[in-house]
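Engineer: In our numbering, the protein residues as written are 7 to 314.
#1: So, are the CB atoms of residue 233 and residue 128 less than 7 Å apart?
#2: Unbroken beta strand (DSSP E) runs of length 3 or more, entirely within the stretch 43-131: which are they?
#3: The alpha helix (DSSP H) spanning residue 167 covers which residue range?
#4: Out of curiosity, what's the CA-to-CA distance linking residue 50 and residue 218?
#5: Comparing alpha-carbon positions, which option in 270, 76, 67 and 59 lies nearest residue 36?
#6: To which residues does DSSP link residue 301 through a beta bridge?
#7: Note down, in chain order, each residue of its chain lying with its Cβ closer than 6 Å to the Cβ of residue 136, except the 5 sequence neighbours on either side.
#8: For residue 235, which of helix, strand or coil comes out of DSSP?
#9: Residue range of the beta strand (DSSP E) that residue 25 falls in?
#10: Per the DSSP calculation, residue 204 is bridged to which residue(s)?
#11: For residue 199, which residues does DSSP report across the bridge?
#12: What residue does the beta strand (DSSP E) around residue 35 start on, and which one ends it?
#13: Quick check on DSSP: helix, strand or coil for residue 148?
#14: Does DSSP classify residue 138 as helix, strand or coil?
#15: If residue 146 and residue 210 are in contact, beta carbons under 8 Å, what's the gap, nearest whole angstrom?
In structure tokens form, the structure reads like this:
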């Protein structure tokens with residue numbers, strides 16, 4: 007039976023649409039990495055542009071493209087999320103012949119086994135994300151890999167103010183200078199925050215970094231990682247670690263950049279990094295935010311000049 011192609015009917019005096027597609031498709035995906043398979047259930051958004059003369063996008067094609075990509079991923083060796091989303095973006099352009107632009111975004115909960123300060127094996131939750139966008143005629147799509155990590159930050163400003171107040175109180179109470187000097191040797195109270203960090207890398211050549219490496223970089227530059235399960239001694243150790251490494255939200259962004267540049271000199275200068283840190287404040291009704299978006303090349307030059 008011939009069915010009418012309502013979406014393909016030509017329009018006149020209309021407008022181009024930048025993005026048309028479907029959001030929130032969920033399919034189980036298995037990514038084959040060296041030495042391990044990673045199973046995810048991501049939420050997937052796929053979009054193409056729509057020319058002015060085209061009434062509607064063929065929505066079922068979006069879903070079909072994802073299903074084909076999921077099926078093909080089962081047979082791909084040493085695959086990656088970046089390669090997976092790249093295949094979908096290219097397939098979108100093949101399926102939507104009227105489109106000149108396609109993009110896909112993918113987000114999924116991601117679990118890793120960690121060791122808590124109590125010395126117990128625990129399963130911690132992160133978010134892993136991948137994106138790809140391509141224009142017809144581009145040599146390669148722009149690919150992005152990223153993670154979202156929750157941790158803890160402790161305010162260095164409040165800590166030093168508290169240290170000053172305590173030293174004055176002790177002095178007024180008759181403490182000796184030697185007794186007061188103990189305050190310089192220990193972390194003193196400060197307010198702390200849940201800190202949420204996003205670390206994303208983008209490149210047209212493909213960013214060869216594992217999500218686990220990105221998570222590790224973020225966690226070691228927080229005041230402290232956080233854990234789903236902690237006993238009392240573990241809680242105490244997390245609090246002490248955070249207070250021994252107080253950091254502003256700005257410190258966290260800069261330290262992550264420093265760490266990435268130092269630990270991965272092989273990454274190309276044209277790789278774009280986005281680091282965003284948000285501290286959910288405990289003593290304010292607002293939150294604090296810091297972010298840097300730049301190419302690694304700009305940061306490598308800046309690391310030699312911005313600090314002078």
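Note that the Cβ used here is the ideal one computed from N, Cα and C, for glycine as well.
Structural biologist: Reading it off the structure:
#1: Taking C-beta atoms as the reference points, residue 233 and residue 128 count as a pair closer than 7 Å.
#2: Listed in chain order, they are 49-56 and 107-121.
#3: Where residue 167 is concerned, the enclosing alpha helix (DSSP H) stretches over 162-178.
#4: Between residue 50 and residue 218, the C-alpha separation is close to 21 Å.
#5: It is 76 whose Cα lies nearest to the Cα of residue 36.
#6: Residue 301 is bridged by DSSP to 278.
#7: Only residues of its own chain outside the window of five on either side were considered, and among them 87, 88, 91, 112 and 151 have a CB closer than 6 Å to the CB of residue 136, listed in chain order.
#8: If DSSP states are grouped into helix, strand and coil, residue 235 belongs with coil.
#9: For residue 25, the enclosing beta strand (DSSP E) starts and ends at 23-32.
#10: DSSP, once it has assigned bridges, lists 154 and 282 as partnering residue 204.
#11: Residue 199 pairs with 159.
#12: For residue 35, the enclosing beta strand (DSSP E) has its first and last residue at 35-39.
#13: Reduced to three states, the DSSP call for residue 148 is strand.
#14: Of the three classes helix, strand and coil, the one that applies to residue 138 here is strand, per DSSP.
#15: 4 Å between Cβ atoms; contact.
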